[in-house]
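Under my numbering, the first residue of the sequence shown is numbered 488, with each subsequent residue one higher. The structure appears below as structure tokens.
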Amino acid sequence: MRKIIILFAIMLVGFLYSCTKESLDPTLAQSKAVETSIRTVEDLQGILYGAFNRMTSSTYYGRDFIIYGEVRSDNSFSNGNSGRFVTAASMDLGNNDAYPTSTWTQIYAVIASANIIIGAKDITGDEAAINHIRGQAYAIRALAHFDLLKLFGQQHVIGGDATLGVPYVIQYKSDDLLPERNTVAEVKSNINSDLTTALSLMSATLNDNSKQTISTYAVNAIQARVAIYFGDWADAKTACEAVINSARYQIIPAASFKNMWLTDGPANSVFELAFSSTDNANINGLQYIYRGTSYGDIQTLANLSNLFEANDVRGFINGMLGFEGTKIRNMGKYPSIDYSDEVYLFRYEEVILNYAEALFELGDANALSVLNQIPTARNATTYASVSKANILLERRKELCFEGFRFDDLARTGSDIPLVSPFEQTHGGPTYGSYKYAFPIPRVELNANSKMVQNYGYSTTK
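Below is the structure:
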């Protein structure tokens, strides 16, 4: 499946990128060219694989998006060894900074691919297969806008659903080439609507066993992640139960935890992105930025490594953490020297942690036993009681280096802990700081007269 996805991506992504790289929406002429080139279910499938390939870019899930969630927290910091992630780690980004600019552009390119699929007409082929592909496109569009909202939305700065989110782009062909920013509430509503539509179109019988495309259960996992971010606990519970009750996934046991990171489609993978040794030009992947034998800009803070008990397989005993001289490193996640590791976007362990949190917030006594499934499978001490603090602690230990920590702090209204002032250059912003959101890129401000800059950032165009 990895080879198939990459082959289709090579054939299609170059053409699609030429149509969308300049703005959020293509010109009408470009839209027409794309429309006339899509005729069969195979064409549609190829564009879907191209969308997945775009998600593997180093400016999105191939590296940057994940690192943003680590260096803006108490997990990791940038040592500036190669000059990478210095501004992101210091939370000192300008509107001309490469990180917000490249990630904004790449995620909207993913959305463009999804919208091509959603808008394609008169496709020949099996109707169920066509609908299953369209459903995945709706899910991709929802996830991509959710990721943009977490980076650029004002929900943790000014606060409230009425504050500015991001433009929710729903058409590849559009008469409006200057989209305005939707409110946070509108973005959330559109995300949930797209995910509901995805499930209405897709069929569990057509789910791909490779885990490298979006299944119906992956859509449920996306729903759960969105729901806990917004505190919609009943919705989170329902979505998690859909994944759990499928009985298709397992928590990886302690003995297999380290080797799991070298495996395609392990039992705990709900949705992963396929990578090859040629993705991200090798040096721009996660392995290169986490390990000191390469760039090694991203180091682990002792405040995180000290959380792991001696026998916890997520810590030093299993080689997941290690020292390079005096530097603490993530050694176990994304370990392959040929940079071909899959990136697990949704692991079953996250679903279980989401479920535990939803149960806790709903006052369900089963929350403790659900939470303790994770430390039990990691040779770690279980919890005597369930609390929000214990849930967040276990999330931090289980999901570290995967990009979750900043969002967990932000969604719970927390300050960014300053645990090592010398290493953490962001200074520990308090909740509500303008630094909790990225600036809208200058290139977008220049191209779109309707675009509004985020609070605290320059509006110079």
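Beta carbons: idealized from backbone N, C-alpha and C, even for Gly.
query: Proximity to VAL800 [Cα-Cα], best of GLN658, PRO862 and TYR835; result: PRO862
query: Integer Cβ distance of ALA631 from VAL597, believed to fall under 8 Å; result: 5 Å
query: Residues near LYS949 in its chain [Cβ-Cβ closer than 6 Å; skip 5 each side]; result: Outside the modelled stretch of the chain, which goes from 488 to 948, sits residue 949, for which no answer is possible.
query: Buried or exposed (CB count within 10 angstroms, at least 16 for buried), LEU664; result: exposed
query: Where GLU889 falls: helix, strand or coil (DSSP); result: coil
query: Start-to-end residues for the beta strand (DSSP E) that takes in LYS814; result: 814 to 817
query: Contact belief for LEU535 with ILE620 at Cβ below 8 Å, rounded distance in angstroms; result: 5 Å
query: Inter-residue CB distance, ASP561 and PRO904 (contact presumed, cutoff 8 Å); result: 4 Å
query: Assigned secondary structure, PRO680 (DSSP; H/G/I helix, E/B strand, else coil); result: The sequence given here places Ser at residue 680; Pro does not occur at that position. Helix at SER680.
query: Start and end residues, beta strand (DSSP E) containing THR863; result: That residue, THR863, is in no beta strand (DSSP E); its alpha helix (DSSP H) goes 860 to 863.
query: Span of the beta strand (DSSP E) around THR787; result: 785 to 787
query: Straight-line gap, GLN746 to ARG541 (C-alpha atoms, nearest Å); result: The question names Gln, but residue 746 is Asn in the sequence shown. Computed Cα separation, rounded: 27 Å.
query: Top-ranked residue by Cα proximity to TRP591, from ALA711, TYR655, THR917 and VAL838; result: TYR655
query: 8 Å contact criterion, which ALA726 and ASN707 should meet: CB distance rounded; result: 5 Å
query: Contiguous alpha helix (DSSP H) assignments of at least 4 residues, all confined to the segment 724 to 785; result: 744 to 747 and 773 to 777
query: DSSP state of SER577 mapped onto helix, strand, coil; result: helix
query: Neighbour-count burial assignment, SER563, 16 or more Cβ in a 10 Å radius; result: buried
query: Sequence-distant residues of its chain with Cβ nearer than 6 Å to ASN935 (five each side left out); result: LEU665
query: Residues near ASN859 in its chain [Cβ-Cβ closer than 7 Å; skip 5 each side]; result: THR869 and TYR870
query: SER589 - DSSP class collapsed to helix/strand/coil; result: helix
query: Range of the contiguous beta strand (DSSP E) that encloses PHE564; result: 563 to 565
query: Sub-8 Å separation of GLY812 and PHE803 beta-carbons; result: no
query: Rounded straight-line distance, which links the Cα of SER827 to that of ASN566; result: 25 Å
query: Residue burial classification, LYS814 (beta-carbon count within 10 angstroms, cutoff 16); result: exposed
query: Buried or exposed by the 16-neighbour rule on C-beta atoms within 10 Å, applied to ILE709; result: buried
query: Same chain, Cβ closer than 6 Å to THR946, neighbours up to 5 away in sequence not counted; result: GLN940
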